[in-house]
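The sequence shown: position 197 = 197 (UniProt numbering), numbered continuously.
Idealized CB from N, CA, C, for every residue including glycine.
It should be emphasised that the depicted structure is a prediction, and the values quoted were computed from it without experimental measurement.
The block underneath contains the structure these notes are about, expressed in structure tokens.
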Amino acid sequence: MKIKGLLAQVRTCEEERKLVDKLREIGLGQYIELPQIAVMGDTSSGKSSLLSALSGVSFPSNDQLTTRCPTQLILTRADTFRGTVRLVRFQSSSENDEGEEKQELNRLEDVPDAITKLTQKLVDEGQNISDDQIVIEMCGPELPNLTLTDLPGLVRTVGDREDQSIIPRVRQMVDRYMKQERTVIIAVVPANVDMHNTEILQAAQEADPNGTRTIAVVTKMDLVDTGAELAVHELLLNNKKKMRLGYHAVKCRNQRELSKGMSIEKGLANEIAFFGQHEYWNRLPTHLWGVPKLAERLVAILQDNIRRSLPKVIAEINSRMAETQKSLSSLGTPLETPGAQRQQFGKWVNQYLRLIEAAMSGQYELLSPIDSSNDTSATPEVRLRAGLRQKDLFFRAEVEATKVNDLLEFGDSLSPKKVVVGGQDLKRMLLWETALP
């Protein structure tokens, strides 16, 4: 992919989004922060039902099939449905560094089974929580032009036989996404809890203290306690705990409706009726409630985020490429053919032999490729001749201080069995040319 002049070729918001998706696909996100939307919340916040309503996919929502890894949704409006799903490995987390091949999807109904199989694959590998990512690309007539990443829900407690490390590992993953300045945080919070004290909003406030890139999506609006409606109403109007992107209210299918097999379409119709007929919620501006309006807001938020971030991303890419090119140039001429590689290898071998010969003969001025110091006392490990002489003198002193009678003892095939050598004879042996002048 050619980066230079890339912005000049991108003319529409959709082209910008596709460009960012492509950069993420080739792994650039591991080196440079890319603009994105990340969905975060507790395990019981209603996050799965929200994603189902946004995408039309029936995501697993029971305890046994909750998300164990990030799931990226790349949605595009088109006349007919087509899709793919694959597992993208995070920094070689498994022996299969390449990840999985894209699995073609012919029907929307095929997506849940594909997600379940890839999730089970991670479980079989022993990854209770994984940084590997399930990537789902879908085109269809009812889909918004939207890319978002769903993260595993925050966990407070685990079962007796479950791995306790799941709790901090999920939090670490969420924090890693949150702290990225180009990540828009969708904090999913249920309406039937004290939203000011929820873990996800507290974490979002730590990562985004000014609230400039956080939008709170309030789920389970049908469970607001009686008497608390006015406070929730004021919160949704962004009159309390203000954030630049504000709040949005939804009512997705609850567990009872899911158990009865209610369709996503029926759930969306019920949501419209619920907000339209409720004595408090029908006073809300229509752009602040409902999944369809949320999709519109998220599309606009993502477009704005990409448009503001993309020039900086391209600048960082060009800077990193220039640094890399400089490093490559310092390595010398590329050895592109086997002949050139053999020739260069031969030069290195000859140079190595010359250096060893110089070290052995005491010509230390020839050791500049590995020892640029003019101080003869420096880096003694490369002065082999001096080292050998020092060891020889030490060995000679040890022998002269020792009364040696029986030096060698041969086997039965040699005669005589013992060879007696006097100390003076051994001394004369040591004066052989091995002893360096």
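Here's a check: name, in chain order, each residue in its chain whose Cβ is nearer than 7 Å to the Cβ of residue i, leaving out the five neighbours to either side.
i           : result
residue 46  : 188, 190, 219, 220, 252
residue 18  : none
residue 122 : 68, 69, 130, 132
Assuming residue i is part of the beta strand (DSSP E), what are its boundary residues?
i           : result
residue 88  : 82-88
residue 245 : Note, residue 245: premise wrong, no beta strand (DSSP E); not H, not E.
residue 149 : 146-150
Provide the residue(s) that pair with residue i in DSSP beta bridges, ordered along the chain.
i           : result
residue 41  : 188
residue 136 : 73, 85
residue 216 : 187, 247
residue 154 : 42
residue 36  : 183
residue 289 : 249
Drop a sphere of 10 angstroms on the beta-carbon of residue i, count the other beta-carbons inside from all chains shown, and report buried for 16 or more, exposed for fewer.
i           : result
residue 147 : buried
residue 248 : buried
residue 161 : exposed
residue 277 : exposed
residue 234 : exposed
residue 181 : exposed
residue 438 : Given that the chain is displayed from residue 1 to residue 437, the structure contains no residue 438 and the question cannot be resolved.
residue 348 : exposed
residue 48  : buried
residue 213 : buried
Locate the alpha helix (DSSP H) running through residue i, then write down its first and last residues.
i           : result
residue 349 : 338-361
residue 69  : Note, residue 69: premise wrong, no alpha helix (DSSP H); not H, not E.
residue 16  : 13-25
residue 398 : 384-400
residue 104 : First-last for residue 104: 103-105, but that is the beta strand (DSSP E), not the alpha helix (DSSP H).
residue 178 : 166-178
residue 47  : 47-55
residue 59  : Run containing residue 59: none; DSSP gives neither H nor E here.
residue 472 : There is simply no residue 472 to check, as the chain begins at 1 and stops at 437 in what is shown.
residue 256 : 255-259
residue 269 : 264-277
residue 113 : 111-124
residue 199 : 199-207
Residues in its own chain within less than 8 Å of residue i by CB, not counting five upstream and five downstream?
i           : result
residue 425 : The pLDDT assigned to residue 425 is 49, lower than 50, so where the model puts this residue is not dependable, and the model offers no usable value.
residue 21  : 74, 147
residue 299 : 144, 145, 146
residue 284 : 233, 236, 237, 249, 275
residue 108 : 56, 57, 81, 83, 138, 140
residue 39  : 47, 50, 51, 148, 149, 150, 151, 186, 188
How about residue i and residue j: do their beta carbons lie closer than 9 Å?
i           : j           : result
residue 170 : residue 135 : no
residue 269 : residue 54  : no
residue 183 : residue 35  : yes
residue 313 : residue 15  : no
residue 215 : residue 258 : no
residue 201 : residue 177 : no
residue 51  : residue 57  : yes
residue 226 : residue 140 : no
residue 240 : residue 231 : yes
residue 206 : residue 154 : no
residue 124 : residue 90  : no
residue 37  : residue 301 : yes
residue 364 : residue 383 : yes
residue 217 : residue 264 : no
residue 175 : residue 203 : yes
residue 361 : residue 396 : no
Who are the near neighbours of residue i in its chain, counting only those whose CB is closer than 6 Å to its CB and skipping five residues on each side?
i           : result
residue 316 : 32
residue 243 : 211, 214
Can residue i be considered in contact with the ligand ADP, in the sense that its beta carbon sits closer than 8 Å to one or more heavy atoms?
i           : result
residue 113 : For the structure depicted, the ligand ADP is absent and the ligand set is empty, with no information on it obtainable.
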